[in-house]
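If you read the sequence shown in our numbering, its first letter stands for residue 1, the second for the next number, and so on.
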Amino acid sequence: DHRDLHSFPTRRSSDLATAPGNDVARLRAVRVLDASGACTASVDIQQAFAIELEYWHLKDGEPLIANVHLYDAQGTYLFATHDNLEPTWGCRPRPRGLYRSVCTIPGNFLNSGRITVHAALGRWNPHAIHAWVDDAVAFDVIDTGGVRGEYPGPWAGAIRPYLEWVTRLEAPLDGASPAGVVSEARR
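Structural data, given as structure tokens:
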């Protein structure tokens, strides 16, 4: 099982002729980058990080969409994300060239553990996949706290988002006014 392998934060094909893809696009590199932009095999659960795709676009005027698909260590498909809404090139025809697309994943979003990334280049309308690489990179999300707070056990679920919560006392049971209780709590 590929999920038992060590993490591998970068994959690179320096030869255009043998890089994954076809006559429209070829994938040159996929990397996991920490907040400083350095290639990394592990990310802090509380920090934003990026997945970078570097690719050759070989056909003038062809639209192209870079995308990544993330899986956890159990093989659960977590999510896919595409650069289709990227303001400069998303879903637009583009000239031939070497491109770099970077997707930033916020801190306090993924759960801890091994993450494997499939990387792809394609288009929509009509749908076509020009390059697809299973297990392009893998990295570990390291649990440094964050949403966990004081909870000591394993965190259930595929993701661990930090969502805003608001709790207020609607009516105390002892007859005091809620405003009085809130004032007490703020002192």
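Built from N, CA and C at the ideal position, the CB exists for glycine as well. In this text the structure is predicted, and so the values were computed from the model without any measurement.
Legend entry - Distance, W165 Cα to V181 Cα: The pLDDT assigned to V181 is 49, lower than 50, so where the model puts this residue is not dependable; a value taken from the coordinates is nonetheless given after this. One C-alpha to the other measures close to 19 angstroms.
May I have the straight-line CA-CA distance separating Q74 from R160, to the nearest angstrom?
16 angstroms
Secondary structure of V24, DSSP reduced to three states: coil
Inset, instruction - Using three-state DSSP, classify R137 as helix, strand or coil. - result: The sequence as given places Val at residue 137; Arg does not occur at that position. Reduced to three states, the DSSP call for V137 is strand.
Review point. Can you name, in chain order, every residue of its own chain whose Cβ lies under 7 angstroms from the Cβ of Y162, other than the five neighbours on each side?
Key: N108, G146, V147
Indicate whether the contact test is met: 3 or more Cβ pairs, each with one atom in the stretch 119-128 and one in the stretch 66-73, closer than 8 angstroms. Cβ pair count under 8 angstroms is three or more, so yes.
Between which residues of its own chain and R3 is the CB-CB distance below 7 angstroms, once the five residues before and five after are set aside?
Summary for R3: the model assigns pLDDT 42, below 50, so the residue's position carries little reliability, and this model does not support an answer.
Q) So what does R56 bridge to, in DSSP terms? A) One point to set straight first is that residue 56 is Trp, not Arg, in the sequence displayed. In the DSSP output, where bridge partners are listed per residue, W56 has R26, L98.
Beta-carbon contacts of I129 that lie in its chain and below 8 angstroms, excluding the five residues immediately before and after
A120, L121, G122
Any idea if S183 is buried or exposed, counting beta-carbon neighbours within 10 angstroms, 16 or more meaning buried? Only weak support is given to the placement of S183: the predicted model assigns it a pLDDT of 44, under 50, and the question is left unresolved by the model.
**Asked** Between the Cα of A48 and the Cα atoms of T18, A136, Y55, A35, which residue gives the shortest distance?
**Response** When the alpha-carbon of A48 is set against those of T18, A136, Y55, A35, the nearest one is in A35.
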